[in-house]
Amino acid sequence: GYPGYSTAPPPIVPTNPSQPLPVGYPQPPTQQSEWFQQTYQQSMRAYQGVRGSWTYILGTGRGNSVAVNELDTSATFALPFFMNSPANINQAPLLITPGFGMQLWGGPQSQNPGAVMAPIPLNPQLPGNTYDNFLDTAWNPQFTPLFGAELGIRVGFYTNWDVFVTDSWRVMGRAIGTLNMTPTFQGKLGVIYLDRNQVKILPAVGFTWTPNATSRYDVFFPAPRATWRFGQTRRHAWWGYVAGEYGGGAWTFRNINSNGSKGFIQRFDYNDIRISLGTEWLPLATTGFSGNFEIGYAFYRQLFYVNGVDDPRYGVQQIVDLPSTIMFRLGLAY
Numbered sequence: 003g004y005p006g007y008s009t010a011p012p013p014i015v016p017t018n019p020s021q022p023l024p025v026g027y028p029q030p031p032t033q034q035s036e037w038f039q040q041t042y043q044q045s046m047r048a049y050q051g052v053r054g055s056w057t058y059i060l061g062t063g064r065g066n067s068v069a070v071n072e073l074d075t076s077a078t079f080a081l082p083f084f085m086n087s088p089a090n091i092n093q094a095p096l097l098i099t100p101g102f103g104m105q106l107w108g109g110p111q112s113q114n115p116g117a118v119m120a121p122i123p124l125n126p127q128l129p130g131n132t133y134d135n136f137l138d139t140a141w142n143p144q145f146t147p148l149f150g151a152e153l154g155i156r157v158g159f160y161t162n163w164d165v166f167v168t169d170s171w172r173v174m175g176r177a178i179g180t181l182n183m184t185p186t187f188q189g190k191l192g193v194i195y196l197d198r199n200q201v202k203i204l205p206a207v208g209f210t211w212t213p214n215a216t217s218r219y220d221v222f223f224p225a226p227r228a229t230w231r232f233g234q235t236r237r238h239a240w241w242g243y244v245a246g247e248y249g250g251g252a253w254t255f256r257n258i259n260s261n262g263s264k265g266f267i268q269r270f271d272y273n274d275i276r277i278s279l280g281t282e283w284l285p286l287a288t289t290g291f292s293g294n295f296e297i298g299y300a301f302y303r304q305l306f307y308v309n310g311v312d313d314p315r316y317g318v319q320q321i322v323d324l325p326s327t328i329m330f331r332l333g334l335a336y
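Heads up, the sequence shown is in the working numbering, so the first residue is 3 and it goes up one at a time.
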């Protein structure tokens, strides 16, 4: 999903090269090439796909048992970009993805509403909902048969409708270099810029191993994933996977005083680590419906608060630890 800058966004189009590499360097038998049977003409079609997902993180809403409903939708379009450049031998297009997300928060439950006026609030608030409005760009060129890159930047507003300030604006990005060490083994090294209040940047390091057409192993921080194909119907291939990700995001909102009046602006992060077991179905043709369902465990959950620009206590921070819990995710794409 897109609650923040997801470290493991489910792609709606393949990220591997849209054309075979030059003669003498065979393509690895990746699951994407089998899923989509991608051709150059398909990769340059303006409309690439649309997807939506729902994630529910279980909570009671009482005390610090915070529940989160995450809903998001996005569409991807491809534009020609340095198509004749010798540094883009796979003729990778520029992928443009506008998106919208909504989070519905349950909890934390405040035992003393007046505590929000204390120097460090003992019972911090959350808004009932927050929203993501963003534009994502991605480019995955292959510079040489050995070296390539996964590049992207995302800009957007992350807030509830009551607050639009500079802190609501976030710029996120990724810059990852790739090295095709063998036809089935690709090393990766780079950074992911999250632009959250607590964690600004994460290293991105690991490798992808595709030993055959029915399995793939992304031993990659911060988004490891292992995938195996276990079945096939006339129109779809069925895969199972085990995955991990650094979840959450950052938003702004205005808290409420004990007398019901509007308070100061606050910035906050919701951070967690997620591991999940899931299944996905993907079309064998170049187009069609796909989807996934997973169940997982969210742990090391935290709320991280920073008092906003209009608060006399600007910059005061607070961390609220949340209990571990179960999560569910459902996604559909076309």
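Glycine is no exception: its CB is placed at the ideal position from the N, C-alpha and C atoms.
Next item on the list: Return the first residue and the last residue of the beta strand (DSSP E) that A206 is part of.
Entry: I203 to N214
Check: With burial defined as no fewer than 16 other Cβ atoms inside 10 Å of the residue's Cβ, what is the status of S292: buried or exposed?
Finding: buried
Checklist line | Nearest residue (CA-CA) to N309, options G317, D138 and G250 | finding: G317
Note to self: Quick check: the Cα distance between W163 and G265, rounded to an integer number of angstroms?
What the structure shows: 15 Å
Notebook entry, point to check: Would I258 pass as a contact of P224 if the rule is Cβ separation under 8 Å?
Noted result: no
Notebook entry, point to check: If we count the other Cβ atoms within 10 Å of its Cβ and call it buried at 16 or more, is Y337 buried or exposed?
Noted result: Lying outside 3 to 336, the shown extent of the chain, residue 337 is not represented and no answer is given.
Notebook entry, point to check: Which residues in the same chain as Q319 place their Cβ atom closer than 6 Å to its Cβ, once the five residues preceding and following it in sequence are excluded?
Noted result: V308
Next item on the list: Verify whether the separation of the beta carbon atoms of G51 and D74 is less than 8 Å.
Entry: no
Next item on the list: Whole angstroms is fine: what's the gap from S185's alpha carbon to R218's?
Entry: The amino acid occupying residue 185 in the given sequence is Pro; Ser does not appear at that position. One C-alpha to the other measures close to 13 Å.
Check: In whole angstroms, what is the alpha-carbon distance linking G290 and G179?
Finding: 31 Å
Next item on the list: Kindly indicate the opening and closing residues of the beta strand (DSSP E) around W1.
Entry: Past the boundaries of the shown model lies residue 1; the chain is included only from 3 to 336, so the question cannot be answered.
Next item on the list: Please name the residue, chosen from D138, A206 and N90, that lies closest to G150 on a Cα-to-Cα basis.
Entry: N90
Item checked: Where T161 falls, given that 16 or more other Cβ within 10 Å makes a residue buried -> buried
Notebook entry, point to check: If you drop the 5 nearest sequence neighbours on each side, which residues of the same chain put their C-beta closer than 6 Å to that of A245?
Noted result: R227 and S278
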